[in-house]
Structures are given as structure tokens and as C-alpha cells.
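First the structure, in the form of C-alpha cells, and then the observations on it.
There are 2 protein chains.
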Amino acid sequence: MDQTLRDQITDISKLSDEELSLLIAHAQNRQLKKGEILLHEGEVCRAFYLVEKGYLRTYYNKKGVQINLSFAFEGNFTANLKSIKNKQGSEFVIEAGEATMVWVFNIDAISVHFNTHPQFTLFVRRLAVRLLLASEEYSNLFKLYTPAERYQHIEKNNPQLLQRISLSQMASYLGVARETLSRIRGKNH
Amino acid sequence: MDQTLRDQITDISKLSDEELSLLIAHAQNRQLKKGEILLHEGEVCRAFYLVEKGYLRTYYNKKGVQINLSFAFEGNFTANLKSIKNKQGSEFVIEAGEATMVWVFNIDAISVHFNTHPQFTLFVRRLAVRLLLASEEYSNLFKLYTPAERYQHIEKNNPQLLQRISLSQMASYLGVARETLSRIRGKNH
DNA sequence: AACCACCTGTGATAAAAATCACAATCGGTA
DNA sequence: TACCGATTGTGATTTTTATCACAGGTGGTT
Numbered sequence: 001m002d003q004t005l006r007d008q009i010t011d012i013s014k015l016s017d018e019e020l021s022l023l024i025a026h027a028q029n030r031q032l033k034k035g036e037i038l039l040h041e042g043e044v045c046r047a048f049y050l051v052e053k054g055y056l057r058t059y060y061n062k063k064g065v066q067i068n069l070s071f072a073f074e075g076n077f078t079a080n081l082k083s084i085k086n087k088q089g090s091e092f093v094i095e096a097g098e099a100t101m102v103w104v105f106n107i108d109a110i111s112v113h114f115n116t117h118p119q120f121t122l123f124v125r126r127l128a129v130r131l132l133l134a135s136e137e138y139s140n141l142f143k144l145y146t147p148a149e150r151y152q153h154i155e156k157n158n159p160q161l162l163q164r165i166s167l168s169q170m171a172s173y174l175g176v177a178r179e180t181l182s183r184i185r186g187k188n189h
Numbered sequence: 190m191d192q193t194l195r196d197q198i199t200d201i202s203k204l205s206d207e208e209l210s211l212l213i214a215h216a217q218n219r220q221l222k223k224g225e226i227l228l229h230e231g232e233v234c235r236a237f238y239l240v241e242k243g244y245l246r247t248y249y250n251k252k253g254v255q256i257n258l259s260f261a262f263e264g265n266f267t268a269n270l271k272s273i274k275n276k277q278g279s280e281f282v283i284e285a286g287e288a289t290m291v292w293v294f295n296i297d298a299i300s301v302h303f304n305t306h307p308q309f310t311l312f313v314r315r316l317a318v319r320l321l322l323a324s325e326e327y328s329n330l331f332k333l334y335t336p337a338e339r340y341q342h343i344e345k346n347n348p349q350l351l352q353r354i355s356l357s358q359m360a361s362y363l364g365v366a367r368e369t370l371s372r373i374r375g376k377n378h
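Chains A and B supply the protein sequences, listed in that same order. Counting in our numbering, the first sequence runs from 1 upward without gaps. Counting in our numbering, the second sequence runs from 190 upward without gaps.
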């Protein structure tokens, strides 16, 4: 039943069966409706999230306009690491893009076991490095490529993203106007 | 003599005196002339670098045009973490922006001690998280701000950068043409 | 001082993208 | 089927930025 959950955790870092069970015992299950917010702006993030069904969208609210920063689909983790690490209010919002089921791993609950289970420390740090490397990869798109090249990069390296989210959401993610992305897409026929 | 070196390391993660000495024993000192390359394109990065004097510039070579990605000044670490982690050739070049003195911490040399000195593992991971969070912070400039806002953000949060590097280097770092940055700067009088 | 390499400012023009406006399409539903 | 809301395509226009060209300026070196 929660075998996939176990697989997704051990994909980050190997844990003993006992440690796995202990970690999972701390995971809380949450059901979110489309548009429901998991982490509010200004709220300190105290957990990382694993998506079981649906997807989570992270965005920045710039004067009422939402700028998409990341998407996490089935089997992927997400969090606001800056907020967690610095214990500061989140600049970003994490919300459900569809009806979504997530596992919530509360950091405080887990950190209680850091001394007795050093593998937990490793797991959390590996997860952080993985999330941050992915974030760096994505953000280099903006430094190194033009809007059209960014779209082609997604087409090539992350095509499932195009199936799951609307053109408008993708335009915000790629940092271009919806109309511009529509024209880019038209050119590539 | 190397008290500042010790301080810069313990700023990342606390180590015992013995561990500090062991770590420092693995650090190699390198002198670089202006323009000398520390990490070549295609080379696998196997170390992290601590700048003692001068500065290191990381850039991406796009069809002969250098696009600046980061600068590390006195007391700061840098590396190509993606290359280290995935053991893949670096897409980026790290070179000295001035006559520069660096401490080179070879990962393989240090990892030998990971089992006997778990604090080394922690140190490396903390360093990685710090570098990646800084990288994320910087890259959000591109998603969230216009060129003029980016420049003002640097003026406010990192003014020493403007003292140390030329307008041309800064323009490449901010992702705008040199002329555009000159005009932005003119407007802010 | 004379020279040179490099950097910066600025005008003119071209290219790219944003914005505005509106028509067309698609799904779900009464 | 007819309606409604959300999404997408597309033309016209404006705004922003890049590109090109060139004129100072600066600092180091001989």
C-alpha cells in the first residue's frame, strides 16, 4: 500500500526498514482541493511535502500577479527551504493545482530523532541538495536561454509538464507573456 | 596566521580543533594570475574553493560570449556542485578575476575521513546548502524583477559587488546589455 | 609625454516582447 | 442543444531592450 511512499523516500537516501517506518509514522496525510493553499505567504515553512496525487504549484505574488516558480507532481518532494532554514516567513505560496493528496513531513517532529537516527539527518540534507540543484538547473534557463530556447528545453527535458499544466501557467513559469508563448508554440508547429 | 581560514570554515559548521586541523591539512594553496582558469569547461569539479585574496568568477560560455553566473570574494567559498555531485563535466568555467589566492579542498581527499569524522560530512553538506541557497536567491532576481529592479537589488543588498567588478561584468551578471545597464545607472543618478 | 588597451556613456536604429483587444475553441453542465 | 467560463490564437500597437557606431575617459607602460 505505502510501498511507493517507501520507494520515493529511499530514492533520496537509503534507510533501514525500522527507520523508514519511523519516518513514515511522522508523515501526515492531507487532501487538498484545487486552489487550496498548503503554505501561505508569510508563514514559516516547517515541513517538506511529498505529492501522492495531483500537483503542487509554488508561486510568488508580485503585486497581485502570480509568478510560478515550481511544480511538484506525483512522487516528487517540494518545500520552501529558505524559509525552513532561516525560520523566516515564506515569500512564496504553495498551493494545489488540482485535487491533491500530499504527505506532510514535519521537520520538528523528525529532528527529534536526529541524534538517535543519523540517517534522518542525511536524508533531509540529501533531499535539500536535490531540491536546490533542481532549482538551480531551472533558474539557469533564465540566465542562459531566450524564451523560445526555454520552451524547447522544457519540451525536450520535461515534456510531461506540458501535458499537465495550461499554457498560461507555463508562460508564467517561463517568464513570458501568455501571448508570446502561444506564438513560440505556433512557430515550432 | 590561518586563523581567518579556521573562522571561515567554522562559520559554515562547527568542528573540533583536531578536525579543523585535519581539514586544513588537506587544503592546497593556489596562486592564480588574472584570467587564469581554475575549473575548465568539460572538466569534472572535484573540489570546493575558498578565496583568500582576489576573486573567482564563474561563467557560462554561450557561443563565445561569456555569461557571468557568480562571483566569490575574500572569505567566500565556491564550486560547481552539479559537476561534483553527478561527476559530470562542468558546463561552467571558474577563473580568477584578479590576481587571486585560493584554498583548494579536494573532495576525494576529504571523503576518506567521512566515516571516522562524521562532522566532515555535515560540513560539506552545510556548505552545499549554503551555496545553493545563495544561488537560488540570485536566480530569483531574474524571475521576479525587471533589469532596473535587479540592479537596485544589488545596490541595496550587495553594494560591495559594484565596487569590485566593472560595469561590463555586472551587465553580464544581470543579464542585460552593457549599454542598458549604463542607462539604468544614469537614471538612478 | 605619448601610446595603448580597456572601459563607459550616448545617440540612432532594429529586434523582441509586452500589452491591448477580440475572436475562436473547448469542456462541462443545465 | 444552448449556455457559460476558462483557455488559447492572433492582429495591432506600444514599450522595452539589444545592437551598432562612435566619442570620450582612465590607467598603466615605455
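Glycine is no exception: its CB is placed at the ideal position from the N, C-alpha and C atoms. Keep in mind it's a predicted model, so treat the numbers as computed, not measured.
Straight-line CA distance for residue i to residue j?
i, j, result
"A/Q157", "A/A72", "The residue you asked about is not Gln; residue 157 of chain A is Asn in the sequence shown. Each residue's Cα considered, the two are about 15 Å apart."
"B/E207", "B/R195", "12 Å"
"B/K222", "A/L167", "49 Å"
"B/R367", "B/L239", "29 Å"
"A/N76", "A/I154", "17 Å"
"B/G278", "A/I9", "28 Å"
"A/A47", "A/I107", "5 Å"
"B/T193", "B/G253", "38 Å"
"A/Y60", "B/T305", "43 Å"
"A/R126", "B/R372", "44 Å"
"B/F312", "A/L15", "21 Å"
"B/L270", "A/Q119", "22 Å"
"A/T58", "A/V112", "28 Å"
"B/T335", "A/Q163", "29 Å"
"A/D11", "B/A337", "42 Å"
"B/I354", "A/R150", "29 Å"
"A/T121", "A/S83", "18 Å"
"A/S13", "A/D2", "17 Å"
"A/H40", "A/P159", "29 Å"
Is residue i near residue j, with beta carbons less than 8 Å apart?
i, j, result
"A/H26", "A/F114", "no"
"B/R219", "B/V282", "no"
"A/G54", "A/A96", "yes"
"A/N68", "A/Q169", "yes"
"B/F331", "B/G375", "no"
"B/L370", "B/I299", "no"
"B/A268", "B/L320", "yes"
"B/L322", "A/K85", "yes"
"B/Q217", "B/S361", "no"
With DSSP as the reference, please indicate the residues paired to residue i in a beta bridge.
i, result
"A/Y60", "A/I67, A/F92"
"A/M101", "A/Q31, A/K53"
"A/F114", "Note: A/F114 sits in no beta bridge, so no partner."
"A/V44", "A/G89"
"B/A261", "B/L245"
"A/F77", "A/L50"
"A/N106", "A/A47"
With respect to the alpha helix (DSSP H) encompassing residue i, which residues constitute its N-terminal and C-terminal limits?
i, result
"A/L15", "No alpha helix (DSSP H) holds A/L15; DSSP gives it neither H nor E."
"B/H342", "336 to 346"
"A/G186", "178 to 187"
"A/S172", "167 to 174"
In the DSSP assignment, find the unbroken beta strand (DSSP E) run with residue i in it and report its ends.
i, result
"A/I37", "37 to 39"
Give me the Cβ distance between residue i and residue j, rounded to the nearest whole Å; I'm assuming they're in contact under 8 Å.
i, j, result
"B/E280", "A/S135", "The Cβ separation is near 16 Å, so there is no contact."
"B/V391", "A/V129", "Because chain B spans 190 through 378 in this model, residue 391 of chain B falls outside it and cannot be assessed."
"B/Q328", "A/S139", "In the sequence as presented, Gln is not what sits at residue 328 of chain B; that position holds Ser. The Cβ separation is near 3 Å, so the contact holds."
"B/L245", "B/L227", "7 Å"
"A/E52", "A/E36", "Their Cβ separation, rounded to whole angstroms, is 15 Å, which puts A/E52 and A/E36 out of contact at 8 Å."
"A/L161", "B/K251", "With 8 Å as the limit, A/L161 and B/K251 do not qualify as a contact, their Cβ atoms being about 24 Å apart."
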